[in-house]
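Chemist: Here it is: the structure, laid out below.
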Amino acid sequence: MMGFPESSTKPELVLKELREIASKDLDPNSKRMFGHTYDTGLEEVKEVARKAFLMFLDKTMLDFTVYPSVLELEREVVRMSASLVGGDDSIVGAFTYGGTESIMLAVKAARDYYKKKGKRLKLILPVTGHPAFVKAAEYLEVSLVKVPVDNETFKVDIEAVKEEVDSEAVMIVGSAPNYPMGVIDDIGALSDIAVDKKAWLHVDACIGGFLLPFLREVGDDIPKFGFELPGVTSLSMDLHKYGYAPRGASVVLYRGEEYRLNHIFVHPKWPGYPIVNMAVLSTRSAGPLAASWLVLKSLGREGYQRLAEKVLYARKRIIEALSSMDFRVLGDPRGGIVAFTTGKISPTALASSMRKRGWYIQVQPGSRKLGLPKSIHLTISPAHADVLDNFLRDLEEAKREVEESGGISPEEVASLAGLIESSSVDEVLALLGVSGRGGGLSDDVLSIIDELIHYLDPDLVEELLRRAVSKLFT
Ligand SMILES: *Cc1c(COP(=O)(O)O)cnc(C)c1O
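Structure follows, in C-alpha cells:
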C-alpha cells in the first residue's frame with residue numbers, strides 16, 4: 065500500500081511521473097473523441113483561456129469583498145448567458161461549477177419557494193432527463209416521478225406530464241436537448257402547462273444553451289426554449305460544454321429575483337465572518353469563471369456562429385452516413401448530439417472496434433426491462449468537421465469487422481447473466497475481474513458490462529455498479 069511520501073522530491077520529477085500516468089488517457093484535443101469533449105479546434109482561444117484560468121487560479125470565488133473582479137465577472141457572464149436564451153434585465157442567475165450544481169440549486173430554490181407556501185415539491189422528470197435531477201431529488205429529499213417519452217420521437221409525453229401535475233408545487237423538467245438522443249422536448253407545450261397550473265418549469269439547456277441559439281442564427285430550425293416562453297421559471301446552461309470554456313463552468317438562471325432568493329445561502333450566526341454563497345460550493349478557484357468570461361468575449365456572436373455552422377455541417381453528414389450504413393438515428397436530433405442503434409451488431413462491439421482505431425464513441429447500454437434501446441451516442445465538436453472523412457471511413461470498417469467477427473453472442477450474455485443472478489456480489493465482481501489495487505477496466509470487460517447492464521434487472525445493476533465502483537476507488 066502506498067503511504068504518505070516521507071521525503072521531498074523535486075517538483076519537476078513528480079511532474080514527469082504525472083505525465084506518465086496521464087499518458088494512458090485519451091486526448092480531449094485529438095478530435096478523436098465523440099463524447100466528454102467540446103473542441104473548437106481554435107488553438108489561440110484555448111491558449112488564452114488557459115492563461116485567464118491561471119491568472120485567477122489562486123483567487124477564490126468565496127469572498128467577493130476581497131476580489132471585486134470576481135463579482136464583476138460573474139455579473140457579466142450571467143448577463144451574456146441570459147441574453148442568449150430570451151432573457152431581459154429581469155432574469156437573474158449565478159455561475160456554478162457545472163450542470164449538476166446548477167440543477168441542484170434550481171431544485172432547492174423551487175423546493176423552498178413552495179415550502180414557504182406550506183407545500184411539498186414534486187419533481188416531474190422525463191425518462192430522458194439528466195440523472196442530476198434524480199441526484200438533486202435524493203439529496204434534497206424531494207419526491208420524483210419519471211414520465212415516459214414517445215417511442216418514436218423521444219420527446220416527453222405531454223399528456224403524461226399533465227396527469228402528474230396535481231398541484232402548483234411541481235417542478236416540470238424539459239430538456240433542450242436531452243443528453244441521450246439530442247432531442248428537444250416540446251418546451252412550448254410544457255410552458256403552457258406551467259402557466260396554466262402556476263407550476264415551476266425548469267429548462268435543462270445544459271448542453272444546448274450555448275449552441276441552439278447560434279444554430280438558429282445560422283439557419284437551423286430550432287424551436288423556442290428559453291425565457292421568451294412565459295412558463296419558463298429557471299434554466300441551466302453549461303459554459304463547459306458548447307460554451308467551450310474549461311471544465312468547472314455553468315450558469316443557472318431564474319425568471320426573477322423572488323425565485324433566486326431561495327437559492328442563496330447566508331449564515332452570519334457564527335463567530336467567523338458572514339458566509340454568503342451563490343453556489344453549493346464555497347471556496348473554489350475563480351479560474352473557470354475568468355476563462356469563461358474570456359471565451360465568451362473572445363469568440364463573440366460571430367465566433368459562436370462559425371462554430372455552430374461546423375457542428376451543423378458535421379451533424380448533417382454524420383446522419384446521412386449513418387442511414388447509408390443502415391444504422392437508425394434515434395428521434396430528430398437538433399443540437400450537437402446524434403444517437404443511433406446498430407441493428408444486428410452490438411454497439412459495444414462497434415465501440416471497441418472504433419477504440420482500436422483510436423476513436424471514442426459512447427455506448428448507451430439501455431435496459432431490456434425498462435424498454436430503453438442499446439445505442440451509440442456521439443457528441444459532435446466543431447473540430448470534428450475537419451476529420452469526418454476519416455471518422456466515417458473507420459466507422460464503416462469497424463461495422464464490417466464486427467459483422468464478420470460477430471462479437472459476444474446473445475446466448476453468452478444470457479448465460480453470464482444467469483450466473484450473475486445466482487451469485488453473490490463479491491463472486492460477480494471477481495468473475496468480471498473487477499478489483500481495486502491499481503487495476504483499471506479492460507476493454508473486453510467494459511464491453512461485457514455494457515451488455516449485462518442492458519440484460520439484467522436495473523435494481524441489480526444499480527447495486528452491482530455501486531459495489532464495483534467502490535472497489536475500483538479503493
Ligand atoms: C451535462 C448535462 C448535465 C449535467 O451537467 P454536468 O456539467 O455534467 O454536471 C445536465 N443535463 C444535461 C442535458 C447535460 O447534457
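Residue numbering for the sequence shown follows this note's numbering, beginning at 65 and increasing consecutively. No residue lacks a Cβ here, since even glycine has one placed at the ideal position from N, Cα and C. Quick caveat, the model's predicted, so the values are computed rather than measured.
1) Hey, could you find the ends of the beta strand (DSSP E) residue 157 is sitting in?
2) Inspect the beta-carbon positions of residue 234 and residue 186 and report whether they are closer than 8 Å.
3) So residue 338 and residue 431 are supposed to be a Cβ contact under 8 Å. How far apart are they, rounded?
4) Ignore the nearest five residues each way along the sequence and tell me which others in residue 406's own chain have a CB closer than 7 Å to its CB.
5) What would DSSP say about residue 334, mapped onto helix, strand or coil?
6) Can you tell me whether residue 122 is buried or exposed? The criterion is at least 16 other CB atoms within 10 Å of its CB, across all chains shown.
7) Could you pull out every unbroken beta strand (DSSP E) segment of at least 3 residues lying fully inside the segment 195-238, listed in chain order?
8) Per DSSP, residue 405 forms a beta bridge with which residues?
9) Taking the continuous alpha helix (DSSP H) assigned at residue 454, which residues delimit it?
10) Leaving out five residues before and five after residue 95 in sequence, what residues of the same chain have Cβ atoms less than 8 Å from its Cβ?
11) In chain order, what residues have a CB nearer than 7 Å to some heavy atom of ligand 1?
12) Could you check where the beta strand (DSSP E) with residue 115 kicks off and where it finishes?
13) According to DSSP, is residue 73 part of a helix, a strand, or is it coil?
14) Can you give me the start and stop residues for the beta strand (DSSP E) that residue 186 sits inside?
15) How about residue 158 and residue 316: do their beta carbons lie closer than 8 Å?
16) For residue 341, does the three-state DSSP call read helix, strand or coil?
17) Is residue 483 helix, strand or coil by DSSP?
18) List the whole-angstrom C-beta distance separating residue 17 from residue 262, where the pair is believed to meet the contact cut-off of C-beta under 8 Å.
19) Using the Cα positions of residue 325 and residue 342, report the straight-line distance between them to the nearest angstrom.
20) Report yes or no: do three or more beta-carbon pairs, one from the segment 240-253 and one from the segment 192-211, lie closer than 8 Å?
21) Roughly how many angstroms lie between the CA atoms of residue 297 and residue 438, to the nearest whole one?
22) Got a sec? Which residues, its chain only, sit under 6 Å from residue 307 by beta carbon, not counting five neighbours each side?
23) What does residue 130 pair with, by DSSP beta-bridge criteria?
24) If you check the beta carbons only, do residue 358 and residue 86 fall under 8 Å apart?
25) Nearest-angstrom Cα distance between residue 397 and residue 442?
26) Taking the alpha-carbon positions, what's the residue 130 to residue 349 distance?
27) Does the beta-carbon of residue 215 have 16 or more other beta-carbons within 10 angstroms, so that it is buried, or is it exposed?
28) Name the DSSP bridge partner or partners of residue 329?
29) Determine the contact status of residue 238 and residue 220, defining contact as a CB-CB distance below 8 Å.
30) Going along the chain, which residues of its own chain have a beta-carbon closer than 7 Å to the beta-carbon of residue 518, five neighbours each way excluded?
31) Less than 8 Å between the beta carbons of residue 493 and residue 535, yes or no?
32) Where does residue 168 land, buried or exposed, given buried means 16+ other C-beta within 10 angstroms?
33) Looking at residue 289 and residue 240, is the spacing between their C-beta atoms short of 8 Å?
34) Once DSSP output is grouped into helix, strand and coil, what is the label at residue 488?
Modeler: In short, the structure shows the following:
1) 156-160
2) yes
3) With 8 Å as the limit, residue 338 and residue 431 do not qualify as a contact, their Cβ atoms being about 48 Å apart.
4) 391, 414 and 440
5) coil
6) exposed
7) 207-211
8) Paired residues: 392.
9) 452-469
10) 103, 105, 445, 447, 448, 450 and 451
11) 162, 163, 164, 165, 167, 194, 196, 239, 242, 243, 268, 270, 271, 300, 302, 304, 305 and 314
12) Unbroken run through residue 115 is the alpha helix (DSSP H), 107-120; no beta strand (DSSP E).
13) Three-state DSSP puts residue 73 in coil, outside helix and strand.
14) 186-190
15) yes
16) strand
17) Helix at residue 483.
18) Since the first and last residues shown for the chain are 65 and 538, residue 17 lies out of range.
19) 10 Å
20) yes
21) 34 Å
22) Excluding residues within five positions, the ones whose Cβ falls inside 6 Å are 274.
23) Note: residue 130 sits in no beta bridge, so no partner.
24) no
25) 11 Å
26) 14 Å
27) exposed
28) 341
29) yes
30) 429, 430, 431, 432 and 438
31) yes
32) buried
33) yes
34) coil
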